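Have a look at the structure below, then the notes.
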Amino acid sequence: MLASQRHTYWLLIVPAVLLMLVFYIYPLIQVLWISVTEPYFGLQNYEALLTRPLLHRIWLTTLRICLITTVITVILGYLVAYAMAKVGERQRTTMMFCILLTFWLSVLIRAFAWVMLLRNGGLINSALMSLGIIDSDLPLLRNEFSVIVGMVHFMMPLAVLPIYSNMSGIDGRYVSAARGLGASPWEAFWHIHLPLSKPGLIAATILVFVFSLGFFITPAILGGGKVVMISEYIQVSFEETLRWGQATMLASSLLFAVLLTLALVARFVDLKKVFGAR
Amino acid sequence: MKPNKDLSKTLYEKDLYPDEQSFAEDCALIAAERLRRGEIDRRSFVKALGMLGLVPVALKFGSGSAAAQAKELVIVNWGGPAVEAYANAWGAPFEKASGTKVIIDGTGPLASKIKAMVEAKAVTWDVCDTGTGTTLVLAKQDVLEDIDYGIVDKSKMAPEFAYQQGCANYMFSFVLAYNKAKVASAPNGWKDFWDLKKFPGGRTLRKQPNGMLEACMMAAGRSPKDVYPIDLNLAMSKLKEIKGSVVAWGSGSQSQEVFRTGEVVMGNIWHTRANLLRRDSNGEILWNWQDGIVTAGMWNVPKGNPAGKETAMKFIASAQDPASQIELFKVMGNGPANPAAASMVPEDMRYIDPGQPENMKLQILQSGYWYEEPSGKGKLTNDELSREMWLDTLSS
Amino acid sequence: MKGDFREKFGRGLVLGGAWTVLAFLILPMVVIFPVSVTDQYYLSLPKDGISLEHYAAFFTNEIWLSATAQSVIIATCATIFAVILGSLCAIGCWRLSTNLSESVRTFMLIPIIVPTIVQALAMYRFWIDLGIIDTYIGVILAHTLVAIPYVIITVSASLANFDLRQEQAARSLGASMPQTIRWVIVPSILPGLLSGALFAFTISFDEIVMVLFITSRAIYTLPKRIWNGIEDHLDPTIAAVATMLIAATLALLLLDLWVRHRRQRRLEQAASVGE
Chain A
36 MLASQRHTYW LLIVPAVLLM LVFYIYPLIQ VLWISVTEPY FGLQNYEALL TRPLLHRIWL
96 TTLRICLITT VITVILGYLV AYAMAKVGER QRTTMMFCIL LTFWLSVLIR AFAWVMLLRN
156 GGLINSALMS LGIIDSDLPL LRNEFSVIVG MVHFMMPLAV LPIYSNMSGI DGRYVSAARG
216 LGASPWEAFW HIHLPLSKPG LIAATILVFV FSLGFFITPA ILGGGKVVMI SEYIQVSFEE
276 TLRWGQATML ASSLLFAVLL TLALVARFVD LKKVFGAR
Chain B
43 MKPNKDLSKT LYEKDLYPDE QSFAEDCALI AAERLRRGEI DRRSFVKALG MLGLVPVALK
103 FGSGSAAAQA KELVIVNWGG PAVEAYANAW GAPFEKASGT KVIIDGTGPL ASKIKAMVEA
163 KAVTWDVCDT GTGTTLVLAK QDVLEDIDYG IVDKSKMAPE FAYQQGCANY MFSFVLAYNK
223 AKVASAPNGW KDFWDLKKFP GGRTLRKQPN GMLEACMMAA GRSPKDVYPI DLNLAMSKLK
283 EIKGSVVAWG SGSQSQEVFR TGEVVMGNIW HTRANLLRRD SNGEILWNWQ DGIVTAGMWN
343 VPKGNPAGKE TAMKFIASAQ DPASQIELFK VMGNGPANPA AASMVPEDMR YIDPGQPENM
403 KLQILQSGYW YEEPSGKGKL TNDELSREMW LDTLSS
Chain C
393 MKGDFREKFG RGLVLGGAWT VLAFLILPMV VIFPVSVTDQ YYLSLPKDGI SLEHYAAFFT
453 NEIWLSATAQ SVIIATCATI FAVILGSLCA IGCWRLSTNL SESVRTFMLI PIIVPTIVQA
513 LAMYRFWIDL GIIDTYIGVI LAHTLVAIPY VIITVSASLA NFDLRQEQAA RSLGASMPQT
573 IRWVIVPSIL PGLLSGALFA FTISFDEIVM VLFITSRAIY TLPKRIWNGI EDHLDPTIAA
633 VATMLIAATL ALLLLDLWVR HRRQRRLEQA ASVGE
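Laid out in structure tokens, this is it:
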């Protein structure tokens, strides 16, 4: 093919790239810019990140919730993926269907369902009460517990899918061989299967952690003002107290945190694979 | 039981992210509900206001002045029936007296929008209907004109609500509302509110400290007249005492919802919402004015407003007319800002007017001055520092 | 036989655990349905019988209907733009397949990793300058931008299975680039395009964070209504809306599975014909 003909293909790429540069990248740079120029030029907004206890606490809350969510999600996700790899075709399809349905369902609807279940006088509390197990409402909503429940629920498909896709590629004969050589089921799993499924585990961990960091809807609804994560505080400083310098600084620091996490793990795994781009 | 159809209307009128809902917006919601329930008859309401337009406005201004007369003036509020109500109560009289056409824009004077407009030098609003909190936040951003108290009459409002960059357009209160069926006896003041032993059950407080700090101070034993200056550390320690039982409300309808679902038995909420709860619950949920915190809705004029500062100030002055404020009170439920209007409130509505002398003497007036003062911590004002500490304590 | 027992026990444990987790995933969606047909006016299970009044409330209420219509309009437009721009970009990158075009493709995936709140903030600020806050254009543009990467991914995956020689043959027979794309490439990557369109539509239809920032009164999408409902006034109508959305999601999912299944069958047929 002629070089000039080849070049015409750039014409296909240009519109999308231009759109992205002008309406996506430029505004992001603007955010970074505001974070060092408002109220005046300098790093004073970032300095607050070090000196203001409130910001420490919000970041700590965010990291703690993200870590707990990630650990729970990845362990439970692994369990589901493992079961899926072991069961027969029909059961597997059903399981996959449950995962995909959760994956595709709107995050708001899921948060709504949890509010309905967890609130005072909600379905769980009234069920427990009618069974005589409790005699006053358990505080299930508007605390870290409800936030973590909601987040684990949201993130589960993001953990199961990569782990399963990796696991389904593992040759079962390795484990059989180990068993044949006298290893207990547990030993075979621990020494053979688990190491082989590590790529999927790592992918799941990254996905869940990175998406948890910037999560907004679920903490805002299930936290009810009692659990404030970084995203919600960005919203407060931006729209309510009009401290755009602080809001953009927090947004930038959130962006940096995500990029840093990805940069760290990029040394060990192919990120494009993780995000399904390859 | 009839299905509750409130939701649609509530949602329709509701616009903002509820966390930063202002009282002004909430009034629009309430009025929308009342209109829907048929409590306000639209036709007779409009007729009455039309007649009001014939009543000579007490103030004389603009006429004969050589200053260039602006052609139109844009007032922004939270929409819904508030558009019509403002147009009739405040727009028409001003139009008659000054010849300036008044347009009510119901898109909502969101603080971030006002700031963005002024900074982009593309201001389309002349007068904004906000609250004390928003006024202080905006003042700090240097995007508002000073109120010209040469034109606006300071004596026609409580002096506490004559801010440098905003002044009262109506009044409302933070009051102690309670569920009669779920408390042993009627609570009296904030000390009772804090007494979880005597009055077990959930409480609701606002997500923002404005109106809450004062209650904390009184609960800590300060006498109502010594509430200011607020000791923020003391206020936070009071909040910590009951934090485990506190549900935070962001919007007026949310403050009603937590009572309705039975999650709370007491709350520090707006009197307009307390009144709706009283009516909806057939008197199960009540409030009292004891230790209520009276505050005001605010007029703001953004810098570089299209009709010019003078016209805007003249409008604000014209809106001080007691008759107009009474009309607004009847439709929207927000109390007249002009003390002279108190005696004009119909007998049967006085119990819901925070400005009535018998109600007023039980309550305290919120001090904007304290909120404006520097906190001594960094460059933060008391308003900013208290918001931060409140959120911190509530979420820790 | 002790080992066999342990193995069975372990298997049971794993299966039981997995199904418990799946039940945790599905349970919230399942309970929404009975709540949506409650005969009470507040969120609860039906007491004296079932009632469809909350569905009626949705379908007779102009507010819910207009929100749904707005969401459909926005999602449709955003899908069209995202599919056109995203698939052209993917085709271009695939055909060029140089280092530079590879980097461009990676660059286009940035919106996936940027936290939504950061995007929302950035767009809010810029949309003010452009004067497109609270307009259809503003929301459609925002949704198009975040949907493009997903279209690129699905289309690229489809292209990976497409034989480059078909394209070269078409071009050497004198077909122009647009003709080649329209008649040769698009038909063969249709499943990828459809998947991408489904992704884009769902993303836009469900999107709430950006909408909260860049709209105020004129644009009021369905998620925004639901959001306000959850915050202010929990009502069985939301459960009815949620049930319908779950049903729609199920339908879309089945459609997607069907498309995949058909493609699989066609590939198999093609393979057997080829033999």
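Chains as they are written, first to last, in this note's numbering: chain A, 36 to 313; chain B, 43 to 438; chain C, 393 to 667. All residues carry an ideal CB built from backbone N, CA and C; glycine is no exception. On a predicted model such as this, the values are computed, not experimentally measured, just so you know.
At a beta-carbon threshold of 7 Å, the residues of chain A lying near Ala514 of chain C are Pro62, Leu63, Gln65 and Val66, ordered along the chain.
In the structure shown, Phe554 of chain C adopts coil according to DSSP, grouped into three states. In this structure, DSSP gives Trp68 of chain A a helical state, which the three-state scheme calls helix. Against chain C, the CB of Ala153 of chain B has no partner CB under 7 Å away; the residue lies outside that interface.
A buried status is given to Glu274 of chain A, since no fewer than 16 other beta-carbon atoms sit within 10 Å of its beta-carbon. Where Gln462 of chain C is concerned, the enclosing alpha helix (DSSP H) starts and stops at Glu454 to Leu488.
Beta-bridge partners assigned by DSSP to Lys143 of chain B: B:Glu114. Beta bridge pairing from DSSP links Asn342 of chain B with B:Cys170.
Nearest CB-CB separation between Ile418 of chain C and chain B: not below the 7 Å threshold. When Cβ-Cβ separations below 7 Å define contact, Ser437 of chain B makes contact with chain A. With a threshold of 7 Å between beta carbons, Val263 of chain A makes contact with chain B.
Non-local C-beta neighbours of Tyr516 of chain C in its own chain, meaning closer than 8 Å and more than five positions away in sequence, comprise Ile525, Phe605 and Ile606, ordered along the chain. Within the region 558 to 605 of chain C, complete beta strand (DSSP E) segments of at least 3 residues are not found at all. The residue from A:Pro192, A:Ile48, A:Thr283 and A:Met130 with its alpha-carbon nearest to that of Ala239 of chain A is A:Pro192. Listed along the chain, the chain B residues whose CB falls inside 7 Å of the CB of Asp521 of chain C are Ala162. With its beta carbon less than 7 Å from one in chain B, Glu274 of chain A belongs to the interface. Between the beta-carbon of Leu114 of chain A and that of Ala410 of chain C there is about 5 Å, and that keeps the pair under the 8 Å contact cut. In terms of Cα proximity to Ile64 of chain A, the closest of C:Glu494, C:Phe416 and C:Phe518 is C:Phe518. By the beta-carbon neighbour count (other beta carbons within 10 angstroms, threshold 16), Phe147 of chain A is buried. In this structure, the CA atom of Gln408 of chain B is about 22 Å from the CA atom of Ala359 of chain B. For Tyr128 of chain B, the uninterrupted alpha helix (DSSP H) segment begins and ends at Pro123 to Tyr128. With respect to the C-alpha of Leu644 of chain C, the residue from A:Glu82, A:Ile60, A:Leu135 and A:Arg127 having the closest C-alpha is A:Leu135.
For the set A:Thr296, A:Gln281 and A:Pro220, the Cα lying nearest the Cα of Phe401 of chain C is the one of A:Pro220. The beta-carbon of Ala158 of chain B is placed less than 7 Å from the nearest beta-carbon of chain C. For Gly112 of chain A, the enclosing alpha helix (DSSP H) begins and ends at Pro88 to Lys121.
In this structure, Phe203 of chain B sits near Ala338 of chain B, with a CB-CB distance shorter than 7 Å.
For Gly77 of chain A, there are no C-beta contacts with chain B under 9 Å, since the nearest C-beta of that chain is about 13 Å from it. Separation of the CB atoms of Ser608 of chain C and Thr149 of chain B is rounded to 6 Å, and the pair is thereby assigned contact status at 8 Å.
Proximity of Ala290 of chain B to chain A, defined by a Cβ-Cβ separation below 7 Å, is satisfied.
In the three-state reduction of the DSSP assignment, Thr314 of chain B falls in the helix class.
A straight-line Cα-Cα distance of about 6 Å links Thr97 of chain A and Ile265 of chain A. Fewer than three pairs of CB atoms, one per stretch, sit closer than 8 Å, so the region 414 to 423 of chain B makes no contact with the region 246 to 259 of chain B.
Fewer than three Cβ pairs drawn from the region 74 to 92 of chain A and the region 564 to 580 of chain C lie within less than 8 Å of each other, which leaves the two stretches out of contact. Identification of chain A residues near Pro615 of chain C by a Cβ-Cβ cut-off of 8 Å yields Ser141 and Leu143, ordered along the chain. Around the beta carbon of Asn401 of chain B, 16 or more other beta carbons sit within 10 angstroms, so the residue counts as buried.
The three-state secondary structure of Tyr528 of chain C, taken from DSSP, is helix.
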